[in-house]
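Mapping of the sequence shown onto my numbering: position 355 corresponds to residue 1686, and the numbering continues sequentially without gaps.
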Amino acid sequence: MRRPAVARVLVYAPIRFGSVAFLFAVQAAWAQSPAPPGSYRPQAALVEPAAPLNLHQALALAFAANPELAVAAREVEATQAAVEQSGARPNPELAVEVEDTRSLTRTTTVQISQPIELGGKRAARIGAAERERDLATVDLRARRSELRANVTATFHAVLAAQERVKLAADTTDLARRASEAAAKRVLAGKVSPVEETKARVAEAGARLDAAQAQAELRATRQSLAATWGNLAPRFGRAEAPGGDSALAALPTPEVLAARVASSPALQRAQIEVQRRTALSEGARASQVPDLNVSLGLKRDNALGYNQVIVALAIPLPVFDTRQGALLEALRREDKSRDELVATQLRLSSEAQQARDRLEAARTEAQMLRDDVLPGAQSAYDAATKGFELGKFDFLDVLDAQRTFFAAKSQYLRALAETYRAAADIDRLLGDAAEPSALPQTKPQE
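As structure tokens, this is what we get:
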């Protein structure tokens, strides 16, 4: 007797128990839960004041509205979601198999299968995802430190530009008064007309310097406002913290070494070693085959009875043992350890160089402020008053003027250099006031 034809229909459908309700529960919990440690949430919108601006206000504006900082914050949120996803177990699978199209001789099998991960794959996957989140958190801290350093350096560049504008205005005023005085003395027949010509040339040069100082001030103001996304600055003049003569603080060697140890760049290298270690553990765990457990029921209409089906399936690692993947992960782990040593040496060297520049700039600025500027100011005032009384000629005034204004400009450059060097230290090592702790990892079951 010929057996009837057999028709097989396989239907596979992954089961997601309560997925919709769970999704709404997670969304509600995320909306009500506080931000994870180390994450960043944009502050309320701040308005740039049309009044004098201090450094604290500039930093608040930049932290609230800097687009690059927002990008780093979104990456932290994305990696936090990846940590949640990495802990998910494989979904079960439902299969329905129908043999024969005739109902009297049809055999129907309903079977549910559940993959079971072995070898610690899930724990290794979670560990790698957590290290990715920690890297994003450190990157956010580094971006905040870099932004703080940029704002601080640009703010003091605005202060220096304001002083140069003021200095150029004083120079222009002096040149104008010198030209007027020279013209009067020429009319009185006391000096040659050449003196008046020299005075007019000096006045034109002073006006040109004043225009260049104004252009520099506009450029630095725009650079500062750009850190909070404003291309048209609204603030008035910048107000110096601690006065116009305050110098950037010089960290001690002990403080510098401690900041190197807690710097974002070094922390990132350390976390990269941990991430590579987790990936190596995952590669080692991938060598262990996963188990697939199946349980089902088979209905035979021809015989009129049901059969219980229990099955176990496990791949045989005969051809692919994942040995190459493990070796690659181990070599990359060794590479990350070498990069950690290189990063520590680079940070220590560059931080020490920045400290040396800061110390040299502070020494120069202090000498100019305490020793050079008072004498140059006194000589300049005496020459100006003597010229107005007719006791000195214009060349004496120009010489005193150049000496004083050159010393003043040199002092402003040295003062700005102190803050640039201090900003370089903060950019390398992070802000000393920023918390360096990373989010604590929750134990996984």
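Ideal Cβ placement from N, Cα and C applies to all residues, glycine included. Treat the numbers as computed from the prediction; the structure is a model and nothing was measured.
Straight-line Cα distance separating Arg1456 from Arg1688: Translated into the one-based positions of the sequence shown, residue 1688 becomes position 357. Translated into the one-based positions of the sequence shown, residue 1456 becomes position 125. Roughly 45 Å between the two C-alpha positions.
Start and end residues, beta strand (DSSP E) containing Gly1567: Numbered from 1 along the sequence shown, position 236 holds the residue referred to as residue 1567. Run containing Gly1567: none; DSSP gives neither H nor E here.
Tyr1750, buried or exposed, once every other Cβ within 10 Å from all chains shown has been counted against 16: If you number the sequence shown from 1, residue 1750 lands on position 419. Tyr1750 should be labelled buried.
Identity of the residue in Pro1705, Gly1706, Ala1731 nearest Gly1717 by Cα: Counting from one through the sequence shown, the residue named residue 1717 turns up at place 386. Of Pro1705, Gly1706, Ala1731, the residue nearest in Cα terms is Ala1731.
First through last residue of the beta strand (DSSP E) which encompasses Thr1438: For the purposes of this step, residue 1438 is identified with residue 107 of the sequence shown, where counting begins at 1. Looking at the DSSP string, the run of the beta strand (DSSP E) that includes Thr1438 is 1438 to 1447.
Helix, strand or coil at Asp1275 [DSSP, three-state]: The displayed coordinates of the chain run from 1332 to 1776. Any statement about residue 1275 would go beyond what the structure contains.
Own chain, CB closer than 7 Å to Phe1736, minus 5 neighbours either side, in chain order: Here residue 1736 corresponds to residue number 405 of the sequence shown, with the count starting at 1. Taken in chain order, the residues that qualify are Leu1498, Thr1502.
Neighbourhood of Ala1710 by C-beta, 6 Å cutoff - its chain only, sequence neighbours within 5 removed: What you label residue 1710 is simply residue 379 of the sequence shown in a count that begins at 1. Same-chain partners within the cutoff: Ala1731.
Run of the beta strand (DSSP E) containing Asn1481, from where it starts to where it stops: Residue mapping note: residue 1481 aligns to position 150 of the sequence shown, counting from 1. Run containing Asn1481: none in the beta strand (DSSP E); it sits in the alpha helix (DSSP H), 1452 to 1518.
DSSP beta-bridge partners of Arg1758: Sequence index remark: in the sequence shown, residue 1758 carries index 427 (1-based). None; Arg1758 has no bridge partner.
With 16 other Cβ atoms within 10 Å as the buried cut-off, status of Arg1693: Mapped onto the sequence shown, residue 1693 falls at position 362. It is buried - the Cβ of Arg1693 has at least 16 other Cβ atoms within 10 Å.
Boundaries (first-last residue) of the beta strand (DSSP E) holding Val1427: For the purposes of this step, residue 1427 is identified with residue 96 of the sequence shown, where counting begins at 1. Run containing Val1427: 1424 to 1430, per the beta strand (DSSP E) assignment.
The segment 1614 to 1624 / the segment 1479 to 1489 touching (three or more Cβ pairs under 8 Å): no
Nearest-angstrom Cα separation, counted from Asp1470 out to Trp1361: For this step, residue 1361 is matched to residue 30 along the sequence shown. For this step, residue 1470 is matched to residue 139 along the sequence shown. Residue placement at Trp1361 is poorly supported in this model, since its pLDDT is 35, which falls under 50; the coordinates are not used for a value here.
Beta-carbon spacing of Leu1678, Leu1581 below 8 Å: Along the sequence shown, one-based indexing puts residue 1678 at 347. Along the sequence shown, one-based indexing puts residue 1581 at 250. No, Cβ-Cβ distance for Leu1678 and Leu1581 is not below 8 Å.
Own chain residues within Cβ distance below 7 Å of Gly1613, not counting five before or after: Residue numbering aside, residue 1613 sits at position 282 when the sequence shown is read from its first letter. Counting only Cβ-Cβ distances below 7 Å, and skipping sequence neighbours, we find Lys1452, Ala1455, Arg1456, Ala1459.
Where Ala1577 sits in the DSSP three-state scheme: Locating residue 1577 in the sequence shown gives position 246, counting from the first residue. Note: Ala1577 maps to coil in three-state DSSP.
Contact under 8 Å by Cβ, Leu1704 with Ala1745: Along the sequence shown, one-based indexing puts residue 1704 at 373. Along the sequence shown, one-based indexing puts residue 1745 at 414. No.
Cβ contact (3+ pairs, closer than 8 Å) linking the segment 1647 to 1655 and the segment 1589 to 1605: Contact fails: fewer than three Cβ-Cβ distances are below 8 Å.
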